[in-house]
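First up is the structure itself, then whatever we jot down about it.
There are 2 protein chains.
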Amino acid sequence: MEEKFDNSMKVGILGGGQLGRMLIQAAIDLDLEIHVLDPDLHAPCKSLSQKFTRGSFKEFTSVFSFGLPLDVITIEIEDVNVEALRQLRDIGKKVYPQPEVIALIQDKRTQKEFYKAHGIPTADFVITEDHGHAIQFYEFLPAFHKLARGGYDGKGVKAMHDVDDLDYAFDEPAMLEKMVDVDKEISVIVARNEDGDLSTFPVVEMVFDPVHNLVDYLISPAQISSEQAEEASRIAKKVAESVGLVGILAVEMFIDKTGEILVNEIAPRPHNSGHHTIKANATSQFEQHWRAILGLPLGSTKSHKLSAMVNILGADGYQGDALYVGLHKLLEKEDIHVHLYGKKTTKPARKMGHVTIMDDNLESLKEKVKFVKETLKVIA
Amino acid sequence: MEEKFDNSMKVGILGGGQLGRMLIQAAIDLDLEIHVLDPDLHAPCKSLSQKFTRGSFKEFTSVFSFGLPLDVITIEIEDVNVEALRQLRDIGKKVYPQPEVIALIQDKRTQKEFYKAHGIPTADFVITEDHGHAIQFYEFLPAFHKLARGGYDGKGVKAMHDVDDLDYAFDEPAMLEKMVDVDKEISVIVARNEDGDLSTFPVVEMVFDPVHNLVDYLISPAQISSEQAEEASRIAKKVAESVGLVGILAVEMFIDKTGEILVNEIAPRPHNSGHHTIKANATSQFEQHWRAILGLPLGSTKSHKLSAMVNILGADGYQGDALYVGLHKLLEKEDIHVHLYGKKTTKPARKMGHVTIMDDNLESLKEKVKFVKETLKVIA
Chain R
5 MEEKFDNSMK
15 VGILGGGQLG
25 RMLIQAAIDL
35 DLEIHVLDPD
45 LHAPCKSLSQ
55 KFTRGSFKEF
65 TSVFSFGLPL
75 DVITIEIEDV
85 NVEALRQLRD
95 IGKKVYPQPE
105 VIALIQDKRT
115 QKEFYKAHGI
125 PTADFVITED
135 HGHAIQFYEF
145 LPAFHKLARG
155 GYDGKGVKAM
165 HDVDDLDYAF
175 DEPAMLEKMV
185 DVDKEISVIV
195 ARNEDGDLST
205 FPVVEMVFDP
215 VHNLVDYLIS
225 PAQISSEQAE
235 EASRIAKKVA
245 ESVGLVGILA
255 VEMFIDKTGE
265 ILVNEIAPRP
275 HNSGHHTIKA
285 NATSQFEQHW
295 RAILGLPLGS
305 TKSHKLSAMV
315 NILGADGYQG
325 DALYVGLHKL
335 LEKEDIHVHL
345 YGKKTTKPAR
355 KMGHVTIMDD
365 NLESLKEKVK
375 FVKETLKVIA
Chain Z
5 MEEKFDNSMK
15 VGILGGGQLG
25 RMLIQAAIDL
35 DLEIHVLDPD
45 LHAPCKSLSQ
55 KFTRGSFKEF
65 TSVFSFGLPL
75 DVITIEIEDV
85 NVEALRQLRD
95 IGKKVYPQPE
105 VIALIQDKRT
115 QKEFYKAHGI
125 PTADFVITED
135 HGHAIQFYEF
145 LPAFHKLARG
155 GYDGKGVKAM
165 HDVDDLDYAF
175 DEPAMLEKMV
185 DVDKEISVIV
195 ARNEDGDLST
205 FPVVEMVFDP
215 VHNLVDYLIS
225 PAQISSEQAE
235 EASRIAKKVA
245 ESVGLVGILA
255 VEMFIDKTGE
265 ILVNEIAPRP
275 HNSGHHTIKA
285 NATSQFEQHW
295 RAILGLPLGS
305 TKSHKLSAMV
315 NILGADGYQG
325 DALYVGLHKL
335 LEKEDIHVHL
345 YGKKTTKPAR
355 KMGHVTIMDD
365 NLESLKEKVK
375 FVKETLKVIA
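So the sequence lines, in the order shown, correspond to chains R and Z.
The first sequence runs 5 to 384 under the working numbering.
The second sequence runs 5 to 384 under the working numbering.
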């Protein structure tokens, strides 16, 4: 570790969404100069970055020229031009997470093969090259058919329950992944710096709405046994070490009905399952990311209290300039913190912000979650 | 209180220093559009404000034209053009703190007369119009001679121990204020909103270095009796109510050797004695300021733990681009939080940032304070 901290370095983020915005918020106290590349002139990072470049983070030329005047380059989205990042690294820029880590994660098949090669537990899978190939695996069902590349937020994924479903199988490189009999979904955010130091945040549980089968809220720590929590943390660290990560990594996992923990997806950047850490932990996932990639010591991940996180989504039926109903009522309560993302317009289910809720007691925490969900609405 | 929060309003801050910067940091989660007026193009607020106007906050024209396109105008420094703020208020802008409150505080004599009129305890004083007038009050000594206007950070104040010192008395409107036999110096930050709701932060104590007689660090809560703390809080609320404040007010007080509490100075804005609240309290003084002036409910001021605040000052003998020595060592410790103010160049005693230190135990808190002061240096 260096003795003098020189914060005159220039740092770039590919992507200007809410994750970038919260990265910038965490960078202010270190007085870092942040440049952002994003195609959207109304991106949440726009007004907070020292320099905002309008351009694609997917194209070689825009990424390479964005990175040239910078010292350190990082991401807030995986879907970026890896070749440009490789070349920037090769001419001496610090690029974290490393281009190889991003490349690995961009391809779901490579990712799964990697888990297999490194003994990281994950649901069984088979590679499929095209439709004709996929339909041969009817005995492997029930499974999810997932595109190798470009799938995002449920896109590029089809549920295949029986042989008839295979009629709709992808005609592109994909994989069939065995359906897991899921008991719980959990996530661990792990950080690793250049020295190889590792640190995990407490395990988070995604609590599902039993009626709509959607994530209702997240809770930290997960309501699982301490053995399961240790195992989940151990797996997250193993993934970070196996890929040689410098930065932070969200490791989403299933606990199946037999109690086995399986890695589902990973993301080498700040993640929705770590938003509560801004208020509820000694160090936030965003600050931890900077510490990891700037050669600083990793911070304590200790929780102050039990916490929950609720996403603030645009209400159904409203589109246009956002108005927040019920915010006053929320702000009257202690230990409820509202984070808006700087998106001027709302639309149904758009992520407009999040609320972190803290309490010493699980039952009153859940009551506060219910209150928040019933009280706050984003309309237009 | 309004039911819908419309954050499309435009908010202006007069002054672009570190207080403005921390106000902006607190405004990000409410997604407020912040405009800043400051003469210095390298002001700490420069890169974080949506619009930065280079200009004087002391001149009528620049303040008035800065305020015209805005909905709400506030300050981070008292030394502003009050007449422009009055006219902006008269054409329908929300100006908080109110121009009258700022005017009252700009003149130390009006301030003292106000305390007297409202039964707010403060050191005895006499008004002096010029040098010839001042020297008549030799029987009033020992006292401080303070200029009515423009005094700042020790400037405009002279200690008058005996009649010979009066040779150096100010030849301008001033006042002589009896020296207090000080036991402790404390501060209370009080918030008041448009509805008249009041809320105080826990009392803070300025701990002095016995050798250099300078503030060494601040500690929250002050190490005083609960009766004294209640009395200090009551006095702070009384000041805020008496002036009819909307916003926050730092009330600096002395406790004299007899245990009496006397108001020393007040500042209607975020204050050095509230910086620890960013990390150590449920709501920070900066968030509380926004809540108070935007018609939102005041937040809980509860402390998470004992806390201390150390200013990060430029080291003697160094001038130029700032380098932070020892930052790594600080960041290795839990419950030590560093806030840098975005000043690229350092000079002796320049306020470059602050460190908030937390602990459950007073002795280990003091040890951490010692560690921070010995470890972190700003050089060039």
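Think of the CB as a built atom: it goes at the ideal place given N, C-alpha and C, for glycine as much as any other residue.
Note that this is a predicted model, so its numbers are computed, not measured.
For residue i, the first and last residue of its enclosing beta strand (DSSP E)
i: I17(Z); result: K14 to L18
i: Y221(R); result: V219 to S224
i: I124(R); result: From DSSP, I124(R) is part of no beta strand (DSSP E); its letter is neither H nor E.
Contacts that residue i makes with chain R (C-beta to C-beta distance below 7 Å)
i: Q54(Z); result: S51
i: H308(Z); result: H308
i: A286(Z); result: E338 and D339
Start-to-end residues for the alpha helix (DSSP H) that takes in residue i
i: M26(Z); result: Q22 to A31
i: Y119(Z); result: K112 to A121
i: A312(Z); result: From DSSP, A312(Z) is part of no alpha helix (DSSP H) but of the beta strand (DSSP E) over L310 to L317.
i: G71(R); result: F64 to G71
i: R90(R); result: V86 to D94
i: A138(R); result: H135 to A138
i: V243(Z); result: S230 to V247
i: H332(R); result: L331 to L335
i: A271(R); result: Counting along the chain, A271(R) falls outside any alpha helix (DSSP H), though it belongs to the beta strand (DSSP E) covering I265 to A271.
Neighbour flag for residue i against chain Z, beta carbons, 8 Å
i: F9(R); result: yes
i: H149(R); result: no
i: V314(R); result: no
i: T379(R); result: no
i: D128(R); result: no
Chain R within 8 Å of residue i, Cβ atoms only
i: R295(Z); result: yes
i: E2(Z); result: Nothing about residue 2(Z) can be read from this structure; chain Z reaches only from 5 to 384.
i: D320(Z); result: no
Inter-residue spacing [alpha-carbon to alpha-carbon] between residue i and residue j
i: E371(Z); j: V314(Z); result: 13 Å
i: T349(R); j: N276(Z); result: 37 Å
i: E234(R); j: V207(Z); result: 42 Å
i: M179(Z); j: G299(Z); result: 37 Å
i: E209(Z); j: A271(Z); result: 16 Å
i: G251(R); j: L222(Z); result: 35 Å
i: P101(R); j: P225(Z); result: 42 Å
i: A296(Z); j: A195(Z); result: 7 Å
i: L52(Z); j: I131(R); result: 48 Å
i: M26(R); j: H293(R); result: 11 Å
i: S246(R); j: D134(R); result: 30 Å
i: Y172(Z); j: G136(Z); result: 11 Å
i: D83(Z); j: P73(R); result: 40 Å
i: T379(Z); j: V329(Z); result: 8 Å
i: A353(R); j: S368(Z); result: 48 Å
i: V99(Z); j: E231(R); result: 57 Å
i: K116(R); j: F129(R); result: 8 Å
i: A236(R); j: L334(Z); result: 30 Å
i: P146(R); j: S229(R); result: 29 Å
Where residue i meets chain R, residues with beta-carbon distance less than 8 Å
i: P225(Z); result: Those do not exist, as P225(Z) stays about 18 Å from chain R at its closest Cβ, beyond 8 Å.
i: L4(Z); result: In the structure as shown, chain Z starts at 5 and stops at 384, and residue 4(Z) therefore has no counterpart that could be examined.
i: D325(Z); result: S12
Neighbouring residues, chain Z, relative to residue i (Cβ below 9 Å)
i: S304(R); result: K337, E338 and D339
i: V359(R); result: What V359(R) touches in chain Z: nothing, since even the nearest Cβ is about 10 Å away.
Nonlocal neighbours in the same chain, by C-beta distance under 7 Å from residue i, ignoring five residues either side
i: A384(Z); result: Y322, Q323, G324, D325, A326, L327 and T350
i: V267(R); result: Y119, I124, P125, T126, I239, V243, V255 and M257
i: K309(R); result: A284, M362, D363 and D364
i: N11(Z); result: L34, D35 and L36
i: G318(Z); result: T350, K351, P352, A353, R354, M356 and V382
Chain R residues whose Cβ lies nearer than 9 Å to that of residue i
i: Q29(Z); result: Q29, I32 and D33
Neighbouring residues, chain Z, relative to residue i (Cβ below 7 Å)
i: P451(R); result: Lying before the first or after the last residue shown, residue 451(R) is absent from chain R, which here runs from 5 to 384.
i: Y119(R); result: Ordered by position in chain Z, no residue passes the 7 Å Cβ test against Y119(R), which lies about 33 Å from the chain.
Contacts around residue i, its chain only, beta-carbon distance under 6 Å, and the 5 residues preceding and following it disregarded
i: K55(R); result: H39
i: H341(Z); result: K283 and T360
i: V105(R); result: V247, L249 and P272
CB contact below 8 Å: residue i versus chain C
i: G136(Z); result: Annotation note: the requested chain C is absent from the structure, which comprises protein chains R and Z.
Check: residue i C-beta below 7 Å from any heavy atom of the ligand SAH
i: I79(R); result: The model depicted lacks the ligand SAH and carries no ligand whatsoever.
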